[in-house]
Structures are given as structure tokens and as C-alpha cells.
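Undergrad:
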Amino acid sequence: MRELIVESFKKLDIEDACRKSGAILKEEEGQKIIILPYLGSEYLIHFPDGEITTREKNGVGIDQKIVLLHYLISSKGTPFSGKLIDFRQVPDGNFYYSTLVNLVHRPFLQAFGEKPELFLEASKSLGGIESEFKDISMKFLVLPKVPVIAVLYKGDEEFSADCKFLFDSNIPDYLSTEGIVKVCEELVNKLKKHSNG
4 MRELIVESFK
14 KLDIEDACRK
24 SGAILKEEEG
34 QKIIILPYLG
44 SEYLIHFPDG
54 EITTREKNGV
64 GIDQKIVLLH
74 YLISSKGTPF
84 SGKLIDFRQV
94 PDGNFYYSTL
104 VNLVHRPFLQ
114 AFGEKPELFL
124 EASKSLGGIE
134 SEFKDISMKF
144 LVLPKVPVIA
154 VLYKGDEEFS
164 ADCKFLFDSN
174 IPDYLSTEGI
184 VKVCEELVNK
194 LKKHSNG
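Heads up: the sequence shown begins at 4 in the numbering used here, then just goes up one per residue.
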């Protein structure tokens, strides 16, 4: 699959793709390099070969590479609508909802359902800003054109803690439904990592 994505990436009008995605295009030593912020790190994507590194020289997993290349290929440049939607409202969201619950909701609730203060601390260390939804909600700009709001509903004697992830309604113009799951999964993994110090 990565080979198909790299082939599509090579065919991009890279200046147009950067403009639409909010990425920055630089030229270093005769090579075009795309700088793409993703969940608090800057990724350096070499054009046209699709090689990806980070400024910190950390390894980049295959899922991250696929998400980043797909984002650059798919970005339509659609402005934020200001209308929020739930995952089930994206194309095929109902079909993939159980995957989101297993890979995102359950790990999120295991880590933060009983410890909402850890969610706040970890969120702030990742650049999250408080959002207006109750009980606790944090907004993350996971990619330049992809805001994600994580909402934590505190549990009580009657109900267990619950959560929801919200997106601008333009998200299908930037990520596939599977890509949305991967971005949310990566967000939760980073939040858990930051909550452990």
C-alpha cells in the first residue's frame, strides 16, 4: 500500500499540495523538503521519494508515513466550516465505528476515565487548548487543517466515564475514514505517553 501512496505522492504538484494542506515547502541542498507539523512534532518529507524523518531524528512508523503522505495527497484546501461532526457522520463512519471504539475510545477511557486531571495535563503538554464542551474537552490541531476535539464525560455512581471525538465537517477533504482512526489513535497514544511523564 505504501508503494501506491508514494507513487501518487511523486505525481503531486507539490507547491499546490503544500498550499492546500498547510505544509511548508523548502529547498535544502537541491532537494525539496516538506515540513509538516503532526501532533507536536515536525516531520520532514522529502519530495519526490517520500522519505520521512523528524527534526528529532525519531523513527517514523509505517502508519504515520501513510497518514502523512495520504494527507498531502488528499488535501483539498477546504476552509474550516465551523460545524462539528461525530465520527459516525464521516463517510463509512458507522462501519468503522467499532474500530474507533476499540483503538481510540477504550484506551482513552482506560487511561483518563478515572483520572481527568491527567488528561488535562497531558493535553496541555501536547499543545491542546480547552474547548467549550462539558465535562472536559481539549482541542488539538493534529495536522495544519485537521482539528480534533477530545471530550471526556466524567463517570459517577450511575454512569461510567465516556468520551467522544469531534471533527470539523471538512475532515473528509483531508483524511480517509481509516486515516481519521489512525490520527485519533496516535493522539491517544501521545496523551498516554505524556501522562506518564
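A virtual CB, placed ideally from N, CA and C, is assigned to each residue, including glycine. Small disclaimer: the values here were computed from a predicted structure and weren't measured.
Mind pulling the alpha helix (DSSP H) runs of 4 or more residues that sit fully within the segment 83–113?
TA: Listed in chain order, the complete alpha helix (DSSP H) runs (minimum 4 residues) inside the segment 83–113 are 96–103.
Undergrad: Taking the C-alpha atoms as reference points, what is the distance between G96 and I88?
TA: Looking at the two C-alpha atoms, the distance is approximately 11 Å.
Undergrad: Per DSSP, what kind of secondary structure is A164 in: helix, strand or coil?
TA: Of the three classes helix, strand and coil, the one that applies to A164 here is coil, per DSSP.
Undergrad: Below 6 Å CB to CB, which residues in the same chain sit around G25 once its five sequence neighbours on both sides are set aside?
TA: Excluding sequence neighbours, G25 sits near P147 and K148.
Undergrad: Smallest Cα separation from A125: which of Q113, M141 and E135?
TA: Checking every option, the nearest Cα to that of A125 belongs to M141.
Undergrad: I'd like the list of long-range same chain contacts for I36, defined as Cβ closer than 8 Å, with 5 residues on each side in sequence excluded.
TA: Excluding positions up to five away in sequence, the list reads L28, K29, E30, L47, I48, H49 and F50.
Undergrad: Look at the alpha carbon of K196 and the alpha carbon of F168, and state the distance between them as a whole number of angstroms.
TA: When rounded, the distance between both Cα atoms is 19 Å.
Undergrad: State the Cα-Cα distance for the pair F122 and G116, rounded to the nearest angstrom.
TA: Approximately 9 Å between the Cα atoms of the pair.
Undergrad: Let me check understanding here. Comparing Cα to Cα, which of Y41, V104 and E18 lies closest to V184?
TA: Considering only alpha carbons, the answer is V104.
Undergrad: What span of residues does the alpha helix (DSSP H) with P119 cover, start to end?
TA: Taken as a continuous stretch (DSSP letters only), the alpha helix (DSSP H) holding P119 covers P119 to S128.
Undergrad: From this set, I69, K13, E32 and I17, which residue's C-alpha is nearest E189's C-alpha?
TA: Taking only the C-alpha atoms, the option nearest E189 is I69.
Undergrad: Excluding the five sequence neighbours on either side, which residues of its own chain have a C-beta within less than 7 Å of the C-beta of K157, listed in chain order?
TA: Result list for K157: P119, D138 and A164, in chain order.
Undergrad: Would you say the beta carbon of L71 comes nearer than 7 Å to a heavy atom of the ligand GDP?
TA: The ligand GDP is not part of this structure, which contains no ligands at all.
Undergrad: Hey, would you say K86 sits closer than 8 Å to S179, going by beta carbons?
TA: No, these two residues do not count as a Cβ contact at 8 Å.
Undergrad: In this structure, how does DSSP classify T81 when only helix, strand and coil are distinguished?
TA: Note: T81 maps to coil in three-state DSSP.
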